[in-house]
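Shown next, in structure tokens, is the structure this report addresses.
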């Protein structure tokens, strides 16, 4: 970090904008504190951006709405495929500590028996026996089952299933264990369902990094708010203050609206927000209407799949 400040001094850089999540906010705070300690006049500003949607203070994060739209549309497609070719389909979705992205998989559901039929997030631990029992119950009822699982899903002891599987724990630059980009968890779960439940057709996917950079499904609401956050950060810095931009929701549903405000870097740095308990059902295997009301406006709208019964008769 000392090198960063040296470059800033050499180039006479007085404004530093860092776009990212809580680790980025922490880096921004360290640079800002270092500048203050060295008497260097620098305005450091963190601009929120994380598809995990796990920053404190802000209602939601730029990037999340678009990624949530991807999850919803991907599961809409998986639902159609699973309905046509019944079996068990398991999708592993990003989310180390927070289940916001995995929860978004339910946003495209149109019928009572649409998948995902089961959703598991890091906020609720689940044993393998419970997981398999849930899958078996749905499969017996519908002769098929679509499951959405967070990459950070934990056993009842709080250890992620991915960690237990990893023979070599690869970490990123912040020391976090790499959970995405490998299909080991998906393959493991599929193997358990096939061997212990005797289901013949079991398929699994790990969505990986594609879900956070898929330009073909951009949320108009997300894009507008992201640009607004960037402009607001510049305006705040021009007022000779440092900090982080946060979003406040002031209207919901059709009246969805937000306001922006400034918060201290210390309030978001190295801290993680979990999904509120009211967004998860009592069984810990599904998502409630409260979450749908929260997340749906952020997607900018979702497509509808066509089927007999939802189209006007000619």
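In the UniProt record's numbering, the protein residues as written are 1 to 314.
For glycine and all other residues, C-beta sits at the position ideal for the given N, C-alpha and C.
Continuous alpha helix (DSSP H) stretch holding residue i: start and end
i           : result
residue 103 : 100-103
residue 166 : Note, residue 166: premise wrong, no alpha helix (DSSP H); not H, not E.
residue 139 : 128-142
residue 30  : 22-37
residue 43  : Unbroken run through residue 43 is the beta strand (DSSP E), 43-48; no alpha helix (DSSP H).
residue 57  : Looking at the DSSP string, residue 57 is not in any alpha helix (DSSP H), and its letter there is neither H nor E.
residue 292 : 289-295
residue 2   : 2-11
residue 232 : 220-238
residue 193 : 184-197
Beta-bridge pairing of residue i - partner residues as DSSP gives them
i           : result
residue 203 : 89
residue 154 : 160
residue 263 : 244
residue 16  : 44
residue 145 : 88
residue 257 : 251
Host beta strand (DSSP E) of residue i (start-end)
i           : result
residue 119 : 118-120
residue 244 : 243-251
Residues near residue i in its chain [Cβ-Cβ closer than 7 Å; skip 5 each side]
i           : result
residue 67  : 51, 101, 211 and 212
residue 115 : 75, 78, 79, 82 and 146
residue 180 : Its pLDDT being 49, under 50, residue 180 is placed unreliably in this model, and the value from its coordinates should be taken loosely. Counting only Cβ-Cβ distances below 7 Å, and skipping sequence neighbours, we find 94, 151, 208 and 209.
residue 168 : Here residue 168 scores only 46 on pLDDT, less than 50, and its place in the model is too uncertain to base an answer on.
residue 296 : 107
Where residue i falls, given that 16 or more other Cβ within 10 Å makes a residue buried
i           : result
residue 257 : exposed
residue 96  : buried
residue 31  : buried
residue 18  : buried
residue 144 : buried
residue 294 : buried
residue 299 : buried
residue 13  : exposed
residue 148 : buried
residue 5   : buried
Residues near residue i by beta carbon distance below 8 Å, same chain, minus five either side
i           : result
residue 277 : 123
residue 11  : none
residue 57  : 244, 246, 263, 267 and 268
residue 193 : 88, 90, 132, 135, 199 and 202
Proximal residues to residue i (C-beta, below 6 Å), its chain only, five neighbours per side dropped
i           : result
residue 393 : In the structure displayed, the chain extends from 1 to 314; residue 393 sits before or after that span and is not available.
residue 44  : 16, 28, 31, 32 and 242
Is the region 251-263 touching the region 71-88 in the sense that three or more CB pairs, one from each, lie closer than 8 Å?
no
Tell me whether the region 198-209 and the region 279-286 touch, counting them as touching only if at least three CB pairs, one residue from each stretch, are closer than 8 Å.
no
With three or more C-beta pairs closer than 8 Å as the rule, is the region 217-227 touching the region 152-159?
no
Across the region 222-235 and the region 56-72, are there enough close Cβ pairs to call them in contact, namely three or more that are closer than 8 Å?
yes
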